[in-house]
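**Q** Handing you a structure now.
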Amino acid sequence: MKASLWPTGCSLSFDAGRIPDEKRLSEALLKDYVQNGVTYMEVSLTEETIAKTYFMKNPELYGEYCIRAGATPWSFHLPFSQELDISRTDYKAKETVELQKKYILLAARAGIKVIVIHPSSEPIGDAYRHERMKNSRSALRELADYAESYGTHLAVENLPRTCLGRSSDDMLELLEKNPKLSVCFDTNHLLGEPTANADFVRAIGNRIVTLHVSDYDFVDERHLLPLKGENRWKDILTALEEVGYCGPFLYEVSGKDETLTHASFRENHMALAAL
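So the number in our numbering is just where the residue sits in the sequence shown, counting from 1, plus 483.
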């Protein structure tokens, strides 16, 4: 499928700091996205913010709001922090997995089909990497089984720096050829070489089911609007087309840039597709 045909999506993390937390999942907000050409939505809120919304007690309402707004409740980004690290090796490891199951169930009740998860937090020293990888794989297997039992699908996100999932080799080790696991490809997390993103896409192939689209400088994640950083967008889109990607072109851009509006994403998507 050509890049111009992918639906445009956005993480609701964009609105952090722009509107009150309790309105971050409102029907009015969803309608504004749709009116500006953004139709696939990702819920991405901190634990504290989720607790301020209706989602904890009535996640079905989010699905209803999406339907009325003409939006697709596409994905849910599981909360992440050093505490909520599925690769942790201490006595809280099991507790962390069980808490993430609660969020998966909430997302399933909302009609969301894709669950995005971080395979670790950071920092992870080289001496601890093998054990943390082992723990993360075990947790991912358990959570993937749980997600499938509720009609959802787990997508592991590639991450930067010392996190697990910082390369295609890391990601393939995490996935273990498990058909219940897919990938959320973040275009702003692979540090180093300008060719890293297109190379990653070709290495992972059709296991990529969703995206986090933003730009950066290859030094660290920046979450800039594409074309404001140094990504080679034509190469990235060509690679995604080659592997048969057919999900949404879903943005995860910082809302701190006050020049950006909900209309910016569809406009940017079409500009990239025309490169």
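No residue lacks a Cβ here, since even glycine has one placed at the ideal position from N, Cα and C. Note that the structure is a prediction, hence the values are computed from the model and not measured.
Drop a sphere of 10 angstroms on the beta-carbon of Q583, count the other beta-carbons inside from all chains shown, and report buried for 16 or more, exposed for fewer.
**A** Its Cβ being crowded by 16 or more others within 10 Å, Q583 is buried.
**Q** Sorted by chain position, which residues of the same chain lie with C-beta nearer than 8 Å to K485's C-beta, five sequence neighbours on each side aside?
**A** Answer for K485: E724, A756, listed in chain order.
**Q** Buried or exposed, going by whether 16 or more other CB atoms sit within 10 Å of the CB of N541?
**A** The residue is exposed, with fewer than 16 neighbouring Cβ atoms inside 10 Å.
**Q** Closer than 8 Å by C-beta to M753: which residues in its own chain qualify, once you throw out the five before and the five after it? Chain order, please.
**A** Same-chain partners within the cutoff: S487.
**Q** Compute the distance between the beta-carbons of V692 and S665, then report whether it is under 8 Å.
**A** Closer than 8 Å, so yes.
**Q** Can S603 and S619 be called in contact, C-beta distance under 8 Å?
**A** For S603 and S619, yes; Cβs fall inside 8 Å.
**Q** What are the boundary residues of the beta strand (DSSP E) that Y734 is part of?
**A** Where Y734 is concerned, the enclosing beta strand (DSSP E) stretches over 732-734.
**Q** Based on Cα-Cα distance, which residue from K535, R644, S651, I719 lies nearest to P677?
**A** Per the Cα distances, I719.
**Q** For F748, collect the residues of the same chain with a Cβ closer than 7 Å to its Cβ; drop the 5 residues on either side in sequence, then sort them by chain order.
**A** Here the set comprises T491, C493, V521, Y734.
**Q** Give a yes or no on whether the C-beta atoms belonging to E605 and H560 are separated by under 8 Å.
**A** Not in contact: E605 and H560 (Cβ atoms no closer than 8 Å).
**Q** Considering only residues of the same chain and omitting the five flanking positions on each side of E659, which have a CB-CB separation below 7 Å?
**A** Contacts found: R620.
**Q** Note the first and the last residue of the continuous alpha helix (DSSP H) segment covering D653.
**A** First-last of the alpha helix (DSSP H) with D653: 651-658.
**Q** Using three-state DSSP, classify I598 as helix, strand or coil.
**A** Here I598 sits in strand by DSSP.
**Q** Decide if I502 is buried, meaning its Cβ has at least 16 other Cβ atoms within 10 Å, or exposed.
**A** Per the 10 Å Cβ criterion, exposed.
**Q** Hey, out of Y537, H636, I600, H706, whose CA is closest to V826's CA?
**A** The requested residue 826 is not part of the displayed model; the chain covers only 484 to 758.
**Q** Is the beta carbon of V634 less than 8 Å from the beta carbon of A591?
**A** The sequence as given places Gly at residue 634; Val does not occur at that position. Cβ atoms of G634 and A591: closer than 8 Å.
**Q** Starting from D637, trace the beta strand (DSSP E) both ways and give me its first and last residue.
**A** Residue identity check: residue 637 is Leu in the sequence provided, not Asp. Segment 636-640, the beta strand (DSSP E) holding L637.
**Q** Please report how far the alpha carbon of L657 lies from the alpha carbon of R649, in whole angstroms.
**A** Approximately 11 Å between the Cα atoms of the pair.
**Q** Using a 10 Å radius around the Cβ and a threshold of 16 neighbouring Cβ atoms, would you call R551 buried or exposed?
**A** Counting Cβ neighbours within 10 Å, R551 comes out exposed, since fewer than 16 surround it.
**Q** How many angstroms separate the CA atom of A610 from the CA atom of R571?
**A** Distance between the alpha carbons of A610 and R571 is about 14 Å.
**Q** Excluding five sequence neighbours on each side, which residues of the same chain lie with their C-beta closer than 7 Å to the C-beta of E614?
**A** T572, listed in sequence order.
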